[in-house]
Each structure stands twice: as C-alpha cells, then as structure tokens.
Amino acid sequence: MKRQAKKVLSFVPSGVYADVRVIEREAEGIATKDGVVEAAESSSSHGYGVRILKDGVWGFAGSNDFSNDGYERTVKRALEIAESSVPYATVKTVLAPAKKVIASYKTEVGKDPFSISLEDKLELLLEADKKQRVSPKIVISQTSYHAHKEKKVFASTEGSLIDQEIIWCGAGIEASASMGNDFQNRSYPNSHGGQFQTRGWELVREMNLPGNAQRVGEEAVALLTAEQCPSGEFDLILDSNQLALQVHESAGHPTELDRALGYEASYAGTSFMTPDKLGKLAYGSKIVNITADATLPGGLGTFGYDDEGVSAQRVFLVKNGVFVDYLTSRETVEELRRTNPGYAPNSNGAMRASSWSHIPLIRMTNVNLEPHFAEGSAGQAWSLDSLINDTGNGIFMSTNKSWSIDDRRLNFQFGTEIAWEIKNGKRGRMFKNPTYQGMTPEFWNSCDAICGKDEWTIWGTPNCGKGQPSQVMYAGHGTSPARFRKVKVGVIKKW
Amino acid sequence: MMDEQKLKKIAQKTLALTNADEAEVVLFVANRGLTRFANSQIHQNVSLEDLGLSVRVAFGKRIGVASGNSFQGVVLQNVVNRAEAIARLQKEDPHFRGLPEARKLPKIKSVVIQAAPQERAQNVSAVIKKAKEKKIIASGAYDSSVTEVAVANSKGVWAYHAAGASDLSTILIGENSTGFGSQLVKNPADMRADDVADKALAKVISGQNPKDIEPGEYDVVLESQAVNEMMSFFAWLGPNSRLYYEQASPFSGKLGEKVLGENITIIDSPLDESGFPMPFDFEGVPKQKTEIIKQGKLVNLTYDSYHAGRFNAKNTGHALPAPNTSGPIPLHLAFEPGTKSLEEMIKGVKRGLLVTRLWYVRFLNPRSLSITGMTRDGTFLIENGEIVHGVRNLRFNQSIPEALNNVVEIGRDLESVGSFETELGTNRMPALHIKNWNFTSGTQF
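Protein sequence lines, in the order shown, are assigned to chains A and B. Using our numbering, the first residue of the first sequence is number 113, and each one after it goes up by one. Using our numbering, the first residue of the second sequence is number -4, and each one after it goes up by one.
This is the structure:
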C-alpha cells in the first residue's frame, strides 16, 4: 500500500500540495430477528483518494483502479477539478503547517473479531435473541453485531508516510413489546445498535448480551403498563448512554470548526459557537469540562493520525464551563487565525474521511464530558446512587430513543426509552415515553453534578452523518451520569 | 459508464463461480461529481468513480451475502467465496421462499448525462453572483451523477438500468434570515441556476428581521420540500409490509380501512417519466404503479419476494439491496395532485405559517408515526391570505397520520424531490395546506 501511495504521488506535478490515502477495508455484520438470522454479510473495499491543492483551490478524485494508468488518470482528474474552480475562487486556501511524519499505528485489540468463527457469533446472538422473549407481548426480539477493519496509508508531498490499522466492533440487543396501540422498545447496552469501541471480540463478550436479555425483555413489557412521563420542569439525571448523544449533538457538532466557519451551511448546518465567542462563551456551568481526545484507549474515535497526517491529540473544547477550542483541520485553523490571530497555529487533528472515495472533513474524535472526582458527597465522587439520593425529587432517564436539534445546535429535543421517578432520594415508578427539551447553553449551565470515573463509559457512535456526499463516521463519547436542574420534561402531550 | 453488455458478462461470470442452489448478483457503477460552495466561494470539488457488487447465495434456506468494489476476476471469486462461506455456516431462514423468477421488465426512457466540472462551476457561480448582488452569502452544492444498476440471478433474471441526476441546491444567508432553493433534473442542460437563486433570494429577503411567534397549533402550508421530508418517514413505516405484520406500523391491522383523510390518494409511481423512473427493484422484479392510499383508505402494502412469500401476498417489486432488515419501502411516492398553485393555497389561509423545509426530522413514536423536527430556511406568518413577515424557526411534534387527516388543500404542482432519507429514489410531492400542525417550542433564529 505504501508503494501504491508513493506511485500515485509520483504523478503529481511539482509545486502543488497533494496527499493520498490508500485504504483497504473489511466489514462484517450480523442481524437476528425473532430467532432468525436475517443478515450475515461481509464487505470489502479497496481504493485511493487524491487531494490536490493548486493555486489555493482543492481538487479531489477517488478511484479503485490500481494500474499506472489509473493512478495517472485519477491525479489528472483531481487537477482538472481544481483548475476548473480556480477562475471562481475568491479566497485562496492556505494550510497550517504540519510536521512531516513517518510512523505506524495499530489499534490494540485482544481478540481480532474477524478471527472469531461465524458459529460462535451466531450462537451468542441467537441465545440473546431467545432470552428476550419473556412474554407473548414481545413482538420483536433483535440482536446485531458489526466489525470493521481498516488498513490505510497516508502519504503527502510534504514527505509524510503513515500506515495505520484500525479495528472496531460492537453489538447490542433490542426487545419490542406491543399491547393495543402501545409499542415500546428496550435495548442494551445502548440503542441504535448497542456499544462500539476500538476493541476486539472481548468487548462483545464483556457486554454479556445473553445475561441481560431477560431484563431487557421484561422492561419492554413493563413499559406497556408504566405511567406516561409527566410534563413540567424537573431536576433531571441523564444516564451516561443518553448523555453520550447529548454531548455528540450539542457539544461535538457545534465545535466543529468547518461548521462554525459556515462550510456545512448547505447541509448539516452551522453553529451558534462562532469564532467571536471563543474564550468568552459561558457554555456550561463551572463543572462542565468537555474534551476531544483521539488518544483515549478503546474510544471509537481513537486513532494514531488523522487523514491529514496530524497526530492524535487531547484538547479541551470547554474548560470550567468556558468554550475554549474547536475541532480543527489545517485549512480551518489558518482561516480562524485571520479573525483570531492568537489562536494556536496548528491543527488539532480531527480530519477524517469515511472511505477512500470521500474527502476528509472535520469529524468528532472522542468528545467527552469529563468525570468529576471530589465534588460529590463527603469529598467523594458522585456515584449514580448517591446522586439520586442527593436529588430528592426528579426524573432519571436512560437510553436514547429520539433525537433532534436545530441547524445551529441550539434548540434540542431528546426522547429516551425509559425513565424512573426519583422520589425522596430513591428510584421509584417507571415512566414511559420520556422526553426533554432545551436550549444548549442554558441546559449545560444548569448542570450541577457529574458522576465520577467509576460511572464513566466511553460510548461509541458508529453512525454520525455529515457532508455532501454524505459520510458516515464513527466517534466516541466518554460520559458519566449527570444532573441538570429545572429541565423542561414531557413536552409531548399526545402519543 | 460500463454499458449493459459488459455488466451482463460480469454478472454471468460471477454466477458461474458459485455452486449454491440459488444465487443473485447486484452490480452498481457510479460516476459522481459534486461541487460545494460556502461563504460565496467553491470550497469542495470532488469526482468519484465507484463500483460495487453484492452477491447473495442460498443453500436451501441458508443465505449469505458478501460485497466488494472491483469487477476483477479475483475479487468476484473472493466475494462469491465469502458469501458461500457465510451461507454454509448460517442457520436456516424458514421464511425464505427462493429468489424471484425472471419476468418481463417495463421499458422506460433514460437520460444518462452528467454535468462536467466546468458546467457545475458555472452554475454555482451564477448562484453566487446573484447572491452577491444583494450582499447575501451563498452556500450550496451541485451534485451530478450517472449511475448504472444491474441485477442477475440463477433463475434467469437480468435487469439493467442507467440514469443521470443533477441536483443544485442553495441556502442563501442574510443578516438574520436564510432562504432555500433547489432544482433536480435528469438532464443538466435543463438546470436553471438563476431560478434556484431567485427562489432562495426571495425567501431570504422577505424573511429579514424574523419575529418570534408563540408555539401552538397552526394551519401550515408545507412546500413540496417539507412535504417530502415528512413523507420519507411515512414511506418507511406506512405501507411497509414487514412493519405492518410486526405490529410496528400505525396502520397495522387496518388494511382496507380509512386511515387518512378522504382527500388523500398516495401512489408509488416508479415508472412515471416526469420523475426519475426505475423499471425494477433490487431483486430484478419489475416495478409497477401501486396505489397505497386511495381516498384515505389503505388499499395496498409494499412487498419484496421474502415478505410476499412470508405473508402470502403478491410481490409488488419493492426490494431493497440484500441483506435488507428495513423491509420493503416505496421509493417513488406521489400524491394525487389538487387544483391550486402555492400562491392560491396561501390565499386560503386565514392565519398560519408557510414552511419551506423541515430539518432533523426523527421518529418520536413509530407506532403513531409521530415525528419531531425543526423548520428551516424560510418560515413565514400568513394572515388573511398574505405573507406578513418571517418568523424564527419552530420545533414541531406531529403525528403524520393526524396531519394527513387534516389536509385542507393539496397543491396542483408535483415537484421531484430527493432527500438524504431517500437517496435510492425520488418522490413527486405537492405543497399541502394542513390544519392544526403542532409546534411546541422555538429557537433563536
């Protein structure tokens, strides 16, 4: 692959910047439903994408033709595309400096998921599928598993040459119960396919899907007769799996610098966290610290180097409640420094493309709500139980069901699969159809307690969409349960 | 472009490589060019040649699927080997009744033309120029592609279709308002960038200095783009036979019953040449016009071969690429149009809102087909049949069947609209005047 990358660059004329990514990807997926294996699939993809910056304008072309003619034609196409845009360019793109890197990186996994037999995978999933069916009211029992292995080489005309191997996998289960017009879901360990990390088959084993299946089925059935979640202002504790998506939507996306600079205006939207607010905006309360950490072991957004050859980094996006940084790229850093000259001169390494055929964009790495250590009771970090106990009366919500946020990332509304009343410091009645709604800065400023490291989980989001053509990317979010005061709950009157 | 004969040879070669009882190969070739612009300049210009093949094999009722992205012999063999290996280790699927038999396919005219990079840049430049004249920032994309799809199976199915699509869309950004315009055409020569810009400019200018409006129930006129964003969710859960029989659809158990207003007739119209026709589904089964809702009654569900066999129904040609865990979904929805233009529909509203687009629409409750989302890029207050001023965007929580029971007027003009939920197809949507649309909160812009 290194040889192929170098060969591609050999067709690039001198005097222009170019980089190439050569990628070999394997993926496998299994889905079971009601005891039947509905999907067992293996896919592979091999190709390369060339990015050329000529006269301050980008051109990009991708191909899977690995002949010399193919390399030459692809480079020529990327050049032609750049040249066709030059007459219409009003601002020239300049890249922030980056170190020349020659390196290798490999995800540390225990058991390569691709080395586990299909029989073993099916056995585990079908057992978990069966154990969810605890009642005739369970109308659907489902399981799913996915694994991904990517080998990629990055090479640039600046002399960088990097090879990486990234492996991730994950799985989950979901039971659906129905009675009359009511239909309720419960999933484990998370909704939208479960939990995903840059780890091996050991992650799937540790989840103990069969051991949790009965509870999942029972909770789905119990939701049918649970009370409707009340409406009003409540103190709200969000479980870590729901907070992961809250962080993703209301902290991760708005701190993508390409959005903030308007480059996603036509599709995914922009951001209320504009450059004039950098270092000033009271994004959250003083206990809110949000990091972007591509070095976090096991995180789904963990890698060695981004798709511009910049090394993985850990940066604070929000520090002690103040918005202090963005997820950046070489191009956007340079642009930001025109209005914010004091900003750091280098990219913090957030550029990734979903495949060889797509251009890299700024994507979330692992965007985390940092855990707290000594703010809980008696100088100890909060546990979920101690936080519930401290809350007195409120609502505890778990596991995302619906999510939506406006195109500047302000007005959001989330629904979860399940909630429980908190009464007199204890978890009480189960509620169904819980929803909450708010505005991003007000919401994060109402955060007054975050649980400690023992409750902290790095959740994986394998399906984040952005860009045109649409790119689906994988990111991670470390979160522990947290409390928010006086949140608008139960905004839906009719179900 | 590869052409039909080359793809047929590749399909035959692939099918000859397997000893499975039944086998199917789906081939896909795409040339895609996309020019994106933001802050009134082109910032991304890409070209992509891609191809893929997916092989589904069955040993009895044990099925395996594998895919790859090259048509070289060694890759074909590798993909077949992987599909066979999976199938041999698979459990039996008792509901699998075999792959479809060959049937005669409808003939449709294809337009297979892609806009060149210079042509895309010229159109984009025209939008930017118009916006700059009004001191407005332009963003958007011009996406132009040519796609070939072919399906073959061991029972003699051979189906091939090539088509082009060119889609220019823009969001223009003023000081405190935005406006959206778009056009989707088969032939890039029909693209009218000035019209796209004018439509968006009218929105951004008339939407200046938007005012807050109290959330609540309003009459709305949803433009065709907004209707399409809503109907993408209807397509997923409404007529899908899989979800119908899983009790997950709002219409479960209601086939033959009135489920929507009597003024609503919805068809799946895959052969309509005024849209983007497709003669067959992803199993090579011929597509046909299917009435789904007739004067408010649910008259047909959508099926692929698997669900038609499982539920003893006729296959309607709605298969998606295997393995499909979503169920058979219509990809070419169209309303029976009404008689009024958008302007005439606005005149019929005493007090309500004109909505250009919906944004970030997601299910709230699949069983009631309730969705939530925001308005975007042009929301206006209508009073006594006139647009009064722009309003800040609102969040809605709304049941789709309830909305389609509250339709006052259906627009006469059907527009071809694609969205990210329906990348595999294109709907033909009118504007709708709907009463009692439920807005629950607002935002700051």
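All residues carry an ideal CB built from backbone N, CA and C; glycine is no exception. Remember, it's a predicted structure, so these values are computed and weren't measured experimentally.
- Under the 8 Å criterion on CB atoms, N392(B) is classed as interfacial with respect to chain A.
- Going by beta carbons, V316(A) and A356(A) fall outside the 8 Å limit.
- If you draw a straight line from the Cα of N501(A) to the Cα of K538(A), it comes to about 6 Å.
- P457(A) and I570(A) have their C-alpha atoms roughly 30 Å apart.
- For the beta strand (DSSP E) assignment, the uninterrupted runs of no fewer than 3 residues enclosed by the region 234 to 273 of chain B are, from N- to C-terminal side, 261 to 263.
- The beta carbon of K261(A) does not come within 8 Å of any beta carbon belonging to chain B, so the residue lies off that interface.
- Here E138(A) has S156, F226, K261 as same chain residues with Cβ atoms under 7 Å from its own Cβ, once five neighbours each way along the sequence are excluded.
- Across the region 342 to 366 of chain B, CB contacts with chain A closer than 8 Å involve W354, Y355, V356, R357, F358, L359, N360, P361, R362, S363, S365, in sequence order along the chain.
- Q85(B) places its beta carbon less than 8 Å from that of G59(B).
- Counting C-beta pairs closer than 8 Å gives three or more between the region 295 to 305 of chain B and the region 223 to 241 of chain B, which meets the contact rule.
- Using a Cβ-Cβ cut-off of 9 Å, P318(B) is close to G141, A143, E150, A151, A152, E153 of chain A, given in chain order.
- One alpha carbon belongs to H589(A), the other to A121(B), and they sit about 42 Å apart.
- The beta carbon of E231(A) sits closer than 8 Å to some beta carbon of chain B.
- For S268(A), the closest C-alpha among the options K598(A), K398(A), V422(A), G411(A) is that of V422(A).
- For A308(B), the CB contacts under 8 Å within the same chain, skipping 5 residues up- and downstream, are S236, L296, Y298, H302 in chain order.
- Note: R51(B) is bridge-paired with E19(B), V60(B) in the DSSP secondary-structure output.
- The beta carbon of I324(B) does not come within 8 Å of any beta carbon belonging to chain A, so the residue lies off that interface.
- A Cβ of chain B is located within less than 8 Å of the beta carbon of P581(A).
- Ranked by Cα distance from N297(A), the first of A406(A), E184(A), G329(A) is G329(A).
- Take the alpha-carbon of K249(A) and the one of G211(B): they are about 36 Å apart.
- DSSP lists E378(B) as the bridge partner or partners of R346(B).
- Counting C-beta pairs with one atom in each stretch, the region 165 to 179 of chain B and the region 145 to 155 of chain B have fewer than three that are closer than 8 Å, which means they do not touch.
- Collapsing the DSSP output to three states places I395(B) in a helix.
- The CB of I474(A) never comes closer than 9 Å to any CB in chain B; the least such distance is about 13 Å.
- Within the region 153 to 167 of chain B, those residues whose Cβ lies closer than 9 Å to any Cβ of chain A are, in chain order, S164, T165, I166.
- Nearest to V434(A) by C-alpha distance, out of Q276(A), S582(A), P553(A), is P553(A).
- Under the three-pair Cβ rule at 8 Å, the region 409 to 427 of chain A counts as touching the region 563 to 581 of chain A.
- In terms of Cα proximity to L390(A), the closest of T511(A), T451(A), G416(A) is T451(A).
- Close CB contacts of L359(B) within its chain, under the 8 Å cut and outside five residues either way in sequence, are with S365, I366, T367, N392 (chain order).
- Spatial neighbours of Q525(A) in its own chain (CB-CB distance under 6 Å, excluding positions within 5 residues in sequence) are listed in chain order as S516, Q549.
- Closest in C-alpha terms to A259(A), from the list S288(A), G159(A), V221(A), F295(A), comes V221(A).
- Not flagged as an interface residue toward chain A: Q109(B), since no C-beta distance is shorter than 8 Å.
- The Cβ atoms of V402(B) and L427(B) lie closer than 8 Å to each other.
- Counting only the Cα atoms, G333(B) lies some 16 Å from L255(B).
- Unbroken alpha helix (DSSP H) runs of no fewer than 4 residues, entirely contained in the region 175 to 244 of chain B, are found at 188 to 201, 219 to 232, 236 to 240, following chain order.
- No Cβ of chain A is located within less than 8 Å of the beta carbon of I395(B).
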